[in-house]
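Take any residue in the sequence shown, count from 1 to its spot, add 5: that is its number in our numbering.
Where is the CB? At the ideal position from N, CA and C, for every residue including glycine.
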Amino acid sequence: FTVDGVRVALAQVQLPFMLLPLINALEQLDPSLEQAAVSLGASQARAFFKVTVPLSTPGVVAGAILSFALTISAFITPAMVGGGSFIVMPTLIYQSAIVTLDWSTAATTALILLVVALAVVWGGMMLARRFRYGVEHA
């Protein structure tokens with residue numbers, strides 16, 4: 006029942022949500038692009054890092070956004086694996102609203118959690134847009 010145990014459990018739970026967009030992005034790649042890089046003299050490793058990785062970046066960003074949104078709102082996994090030894094924000098919101106009936110703390114914590122989640126998701130969407138369309142935003 007440690008913080009590291011909760012991290013491992015959350016990573017294990019969220020891994021499929023990270024991999025699904027990444028697999029989708031990799032399946033949509035045209036294999037002839039990497040073959041063209043190799044035929045032009047690039048090594049397999051260089052072709053992978055210069056062609057495949059940049060083209061799969063939107064899938065990585067989408068998976069990271071999805072995993073982050075699900076992890077930041079995780080309630081059951083930290084409670085079960087952590088054994089109540091530490092409190093994450095969703096647990097604090099629950100305890101404030103239901104156990105101690107401190108509605109102001111619950112509302113404030115929920116608002117902070119919402120703002121942080123929206124800011125990170127918005128930033129990730131802008132990053133994905135930049136990689137996808139090559140758009141530079143100020």
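Helix, strand or coil for residue i, going by three-state DSSP, please let me know.
i	result
serine 48	coil
valine 18	helix
serine 109	helix
alanine 79	coil
serine 90	coil
threonine 7	coil
glycine 128	helix
By the 10 Å Cβ neighbour count, where 16 or more other Cβ atoms means buried, how is residue i classified, buried or exposed?
i	result
isoleucine 98	buried
threonine 7	exposed
valine 104	exposed
proline 36	exposed
proline 21	exposed
serine 44	exposed
glutamine 40	exposed
aspartate 9	exposed
Write down the C-beta distance between residue i and residue j rounded to the nearest angstrom, noting that I regard them as a contact closer than 8 Å.
i	j	result
leucine 24	isoleucine 77	That belief does not hold up - the Cβ atoms of leucine 24 and isoleucine 77 are roughly 19 Å apart, past 8 Å.
valine 86	alanine 30	Contact flag wrong, Cβ pair sits at about 30 Å.
Quick check: is the beta carbon of residue i nearer than 9 Å to any beta carbon in chain B?
i	result
threonine 7	Included in the structure is just one protein chain, with no chain B present.
In chain order, which alpha helix (DSSP H) runs of at least 4 residues are fully inside the region 22-74?
Those alpha helix (DSSP H) runs which fall completely within the region 22-74 and span 4+ residues are 36-44, 49-52.
Check whether the region 56-69 and the region 118-133 touch, using three or more Cβ-Cβ pairs below 8 Å as the test.
Contact between the region 56-69 and the region 118-133 is present, because at least three Cβ pairs lie under 8 Å.
Meets three-Cβ-pair contact criterion under 8 Å: the region 108-116 and the region 50-58:
Remark: fewer than three beta-carbon pairs, one from each stretch, lie closer than 8 Å, so the region 108-116 and the region 50-58 are not flagged as touching.
With three or more beta-carbon pairs closer than 8 Å as the criterion, would you say the region 44-52 touches the region 118-126?
As far as the Cβ criterion goes, the region 44-52 does not touch the region 118-126, which means the pair count is below three.
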